[in-house]
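K.L.:
Here the sequence shown stands for residues 1 to 702, numbered as in UniProt numbering. Glycine included, each C-beta is placed from N, C-alpha and C at the ideal position.
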Amino acid sequence: MSLIGKIREKTALIVGAVAIGLILFLVGGDLLAPNSQLLGGPDTEVGEIAGQNISLEEYQQAINEQKANFALRAQRQPSEGEMNSLRQQAWSKLIAERAFGKEFEELGIEVTERELIDMVQGNNIDPGIRQSFTDPNTGEFDRNRLLNYLQALPQLQPEQQISWQLYEQNLGEARERLKYDNLLIAGNYITQEEAKRQYQADNTVAEVRYLYVPYYAVSDSAVNVTDSELRSYLEEHQKEYEVEEGRSLQFVRFSIIPSEVDVEDFNSDMEELKADFAAARNDSTFAVINTDAVTGAPFQTYTPGTLPAALLDSVSTLAEGKVYGPFQQGDVYALYKVSSSYEDTIAYARARHILIKTDDSRTEAEARKEAQDLLTQLRNGADFAELARTNSEDGSSAQGGDLGWFPEGRMVEPFEDAVFESGKTGLINRLVQTDYGFHIIDVTEAPTNQAYKIAVVERELYPSDQTRDEAFREADIFASSVDDFDSFVATAQEDSLDIRTAESVAKNAQTVTGLNDARQIVRWAYTDATVGAVSEVYELEDAYVVAVLTGKTEKGTARLENVRSGVEAKVKAKKKGTVIVDKLKGLSGSLDEMAEAYGADANVYSSSDLKMSTNTLPNVGFAAQAIGKAFAMEAGQVSEPITTENGVVIIQLEALTNAPEIADYATYKDQLQQQRSSRVGFNIAEAVQESANIEDNRYKFY
1 MSLIGKIREK TALIVGAVAI GLILFLVGGD LLAPNSQLLG GPDTEVGEIA GQNISLEEYQ
61 QAINEQKANF ALRAQRQPSE GEMNSLRQQA WSKLIAERAF GKEFEELGIE VTERELIDMV
121 QGNNIDPGIR QSFTDPNTGE FDRNRLLNYL QALPQLQPEQ QISWQLYEQN LGEARERLKY
181 DNLLIAGNYI TQEEAKRQYQ ADNTVAEVRY LYVPYYAVSD SAVNVTDSEL RSYLEEHQKE
241 YEVEEGRSLQ FVRFSIIPSE VDVEDFNSDM EELKADFAAA RNDSTFAVIN TDAVTGAPFQ
301 TYTPGTLPAA LLDSVSTLAE GKVYGPFQQG DVYALYKVSS SYEDTIAYAR ARHILIKTDD
361 SRTEAEARKE AQDLLTQLRN GADFAELART NSEDGSSAQG GDLGWFPEGR MVEPFEDAVF
421 ESGKTGLINR LVQTDYGFHI IDVTEAPTNQ AYKIAVVERE LYPSDQTRDE AFREADIFAS
481 SVDDFDSFVA TAQEDSLDIR TAESVAKNAQ TVTGLNDARQ IVRWAYTDAT VGAVSEVYEL
541 EDAYVVAVLT GKTEKGTARL ENVRSGVEAK VKAKKKGTVI VDKLKGLSGS LDEMAEAYGA
601 DANVYSSSDL KMSTNTLPNV GFAAQAIGKA FAMEAGQVSE PITTENGVVI IQLEALTNAP
661 EIADYATYKD QLQQQRSSRV GFNIAEAVQE SANIEDNRYK FY
């Protein structure tokens, strides 16, 4: 039964029929896709979650729901990039339903119909609904407006009805998850003893001195590492070297870029378009029909401060009916036509300035003298922008003091008065004092009330079909002449092609290094290819690509050859630590005497406020074991050599100041509770997903 079933009872069938029709319209493309079950394809599995198989049909349905939701919100169909995100959202939702659903069932967590009604129109309104029906003027929740909306829902547009239904569907799932999280948060109890330990760790202070010898003090050539030792280390530290399934590729690109002929043809077309634009009688209609609308609306009203960047330096000469451009920005070319201009109620001006501050670093008289000297230099022909960059104490100094266009009311009063009362461009021949200091001002665009209605035509420069065909022929010839890794590399080098590498590509990756839309290449690497295999020619948005599969990584512990450098560094560090420890153990005396005897690589440092809650030592880095040892010693004691992450430490406790006794540890208890509670949601999701043993085979289909 629906949450507001009584309200909708008589219209449910109608809404359902309309909903089905609308959703089919919104997601019809995916329903008729090659993998769609409607085409009679096999019941292929895309994965497994918590022991339950996920069929392609079920996953596609979840995608369709996300796609329909997107279309209702955005009032358009998603792009391919957005579809990638929606597919991931659909998968995440299935994980939440299956993995968490099992947990909810075992714990008896459910949401009753009464609870759901209460969330929609009862005493515990869902926060999202409450926000949607809050009066913006009073900030108060308007219950009557909500009830009126629910009463009127059957008469609203089908899109609104479906949107509400989709929202309702998620309420129960969200409430179940909230109950589950709160249940575990409530179990995160902080004891008095835990709070006391935290207080002592934060407030017990040690004064220490320590001798430190970094591992790099021992040269690499002084320690020998065998493959057997590397494998043993990897075996002992498997958790640190766990890897996901991956593929490694090398590829060459055959870029699809406009040729010189394409550019010449495009420029010719733009000149014709410019002439037609100038002759057009209805500028807005012409712009709408002829623009690619790449960066903005084709017809807008502009003030001097909001004009397109290409027109900012032409404000004083903009004329009605004139077409300006084309202006290039990347592959986009723009034409601007001033359809009309009018007097606005707000004036704008443009200026640059040099600010000499009056602050603690100088007296007002000193600041005035410094500013006056700069003004004198400008009167004698000095470059304003250069003086601003080297002398101004305002954030605009990097731009040569340029403040851009600004309206009346934006600047502090003395500054604004000086600019807007000038009525002309040029250097203001006096210092202007404000609360910030002394300003030297150059008005670069005179104050104006002029505003403009401007029509914009944007065209993007694309490669022609002939250019694309030529790029494909090059790629096809290359692909036809290679059949394995060796021939791939040799031919690419002969043809002076740039070979690019992509390592550890995940099976659901949408991009690889240097390729933004590489999904089809990734699918090939995971489904059809063996190591050394060369792909067919793949067409991407801006290039044709031919790839060779250079390696496969299985999920689990990394292979030694793939992590050799990192493992070797760890094993060498361990051996260097042994060398340093043995040498230090042969020394005696104070820390300073041992450091002198050891040599230039040994240094003695001190810290007067070391706390137990920290895990790093200044000039050493991570050294939790050494710090723990210091707090376990008596004053005056010296430790044995201790290996840390970056070297060997001998630590001496000079003095220990225990945290003073306090009667109440509530503050520390609350802090610990908040810290743990803030991590619960993430930790729960991670643990539940791990226990669900998720198998993801979506890469076979998308």
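At the level of alpha carbons, what is the spacing between G21 and A68?
P.N.:
With a pLDDT of only 47 at G21, under 50, the local geometry of the prediction cannot be trusted, and the value read off the model is given with reservation. Going from the Cα of G21 to the Cα of A68 covers about 12 Å.
K.L.:
Between the region 84–99 and the region 49–69, do at least 3 Cβ pairs fall closer than 8 Å?
P.N.:
The region 84–99, when compared against the region 49–69, does touch it at the 8 Å Cβ threshold.
K.L.:
How would you label P326, buried or exposed, when you count the other beta carbons within 10 angstroms and need 16 or more for buried?
P.N.:
By the 10 Å Cβ count, P326 comes out buried.
K.L.:
Let me check understanding here. Comparing Cα to Cα, which of N619, S613, T614 lies closest to D601?
P.N.:
Checking every option, the nearest Cα to that of D601 belongs to N619.
K.L.:
In angstroms, rounded to a whole number, what distance separates the CA positions of N203 and R197?
P.N.:
Approximately 10 Å between the Cα atoms of the pair.
K.L.:
I believe S677 touches I185 by the beta-carbon criterion, under 8 Å. Please report the beta-carbon distance rounded to the nearest angstrom.
P.N.:
Confirmed, Cβ separation roughly 5 Å.
K.L.:
Beta carbon of A174, beta carbon of Q689: below 8 Å?
P.N.:
No. Outside cutoff.
K.L.:
Taking 8 Å as the threshold (C-beta atoms), are I95 and A692 in contact?
P.N.:
Cβ atoms of A692 and I95: closer than 8 Å.
K.L.:
Suppose the cutoff is 6 Å on Cβ atoms and the five residues either side in sequence are ignored; what does the same chain contact list for S613 look like?
P.N.:
Correct list, in chain order: A201, D202.
K.L.:
Can the beta-carbon of V505 be found less than 8 Å from the beta-carbon of A525?
P.N.:
Yes. Within cutoff.
K.L.:
On the three-pair Cβ rule with 8 Å, is the region 452–472 touching the region 249–267?
P.N.:
A contact exists between the region 452–472 and the region 249–267.
K.L.:
Distance check for D283 and Q300, CA to CA, integer angstroms please.
P.N.:
C-alpha separation (whole angstroms): 11 Å.
K.L.:
Please check the pair A349 and F420, which I expect to be a contact at CB under 8 Å, by giving their CB distance rounded to whole angstroms.
P.N.:
Right, the Cβ-Cβ distance comes to about 6 Å (below 8 Å), so this counts as a contact.
K.L.:
Taking 6 Å as the limit between beta carbons, can you name the residues of its chain near G450, skipping five residues before and five after?
P.N.:
Before going further, note that residue 450 is Gln rather than Gly in the sequence given. Within the same chain, Q450 has close Cβ partners S341.
K.L.:
If I follow the unbroken alpha helix (DSSP H) through A479, where does it start and stop?
P.N.:
Unbroken alpha helix (DSSP H) run through A479: 465–480.
K.L.:
DSSP three-state label for N598, please.
P.N.:
Checking the displayed sequence, the identity of residue 598 turns out to be Tyr instead of Asn. Y598: helix per DSSP, three-state reduction.
K.L.:
Thinking L653 and A635 are a contact (beta carbons under 8 Å), I'd like their distance in whole angstroms, please.
P.N.:
L653 to A635, Cβ: 6 Å. Contact.
K.L.:
Considering only C-alpha positions, which residue in the set Y215, V323, K239, L427 is nearest to R379?
P.N.:
When each option's Cα is compared against that of R379, the closest is L427.
K.L.:
Nearest to residue 703 by alpha carbon, out of L375, R143, F438, Y333?
P.N.:
With the chain covering only 1 through 702, there is no way to say anything about residue 703.
K.L.:
What whole-angstrom Cβ distance do G47 and R459 have, given they're in contact under 8 Å?
P.N.:
Wrong, their Cβ atoms sit about 45 Å apart, outside the cutoff.
K.L.:
According to DSSP, is A502 part of a helix, a strand, or is it coil?
P.N.:
Reduced to three states, the DSSP call for A502 is strand.
K.L.:
Whole angstroms are fine: how far does the CA of L312 sit from the CA of L335?
P.N.:
About 14 Å.
K.L.:
Roughly how many angstroms separate the alpha carbons of Q372 and T345, rounded to a whole number?
P.N.:
Distance between the alpha carbons of Q372 and T345 is about 36 Å.
K.L.:
Give the range of the alpha helix (DSSP H) segment to which Y149 is assigned.
P.N.:
It spans 143–152 - the alpha helix (DSSP H) in which Y149 sits, taken as one unbroken run.
K.L.:
Could you name the residues of the same chain whose beta carbon sits closer than 6 Å to that of R343, not counting the 5 residues immediately before and after it, in chain order?
P.N.:
The question names Arg, but residue 343 is Glu in the sequence shown. N449, listed in sequence order.
K.L.:
What are the start and end residues of each continuous alpha helix (DSSP H) run of 4 or more residues lying completely inside the region 342–423, in chain order?
P.N.:
364–379, 384–391, 413–420, all fully within the region 342–423.
K.L.:
Do the region 637–654 and the region 664–681 touch if we need at least three Cβ pairs shorter than 8 Å?
P.N.:
The answer is no - the region 664–681 does not touch the region 637–654, with fewer than three Cβ pairs under 8 Å.
K.L.:
Going by DSSP, which residues form a beta bridge with H237?
P.N.:
H237 pairs with nothing; no bridge assigned.
K.L.:
Per DSSP, T616 forms a beta bridge with which residues?
P.N.:
Paired residues: F622.
K.L.:
Would you call the region 551–565 and the region 242–256 touching, i.e. three or more CB-CB distances under 8 Å?
P.N.:
Enough Cβ pairs lie closer than 8 Å, so yes.
K.L.:
Following the continuous beta strand (DSSP E) through Q52, name the residue where it begins and the one where it ends.
P.N.:
It spans 52–55 - the beta strand (DSSP E) in which Q52 sits, taken as one unbroken run.
K.L.:
When the Cα of N148 is compared with those of T138, E159, F133, which residue comes out closest?
P.N.:
Cα-wise, what sits closest to N148 is F133.
K.L.:
Taking the alpha-carbon of residue 708 as reference, which of F141, R76, P154, E176 has the nearest alpha-carbon?
P.N.:
Any question about residue 708 goes unanswered here, given that the chain covers just 1 to 702.
K.L.:
With a Cβ-Cβ cutoff of 8 Å, do E408 and A347 count as a contact?
P.N.:
A contact, by the Cβ cut-off of 8 Å.
K.L.:
When DSSP labels each residue in this structure, what does G172 get in the three-state scheme?
P.N.:
DSSP places G172 in helix when its eight states are reduced to three.
K.L.:
Which residue or residues does DSSP assign as beta-bridge partners of Q652?
P.N.:
Q652 is bridged to R209, V638.
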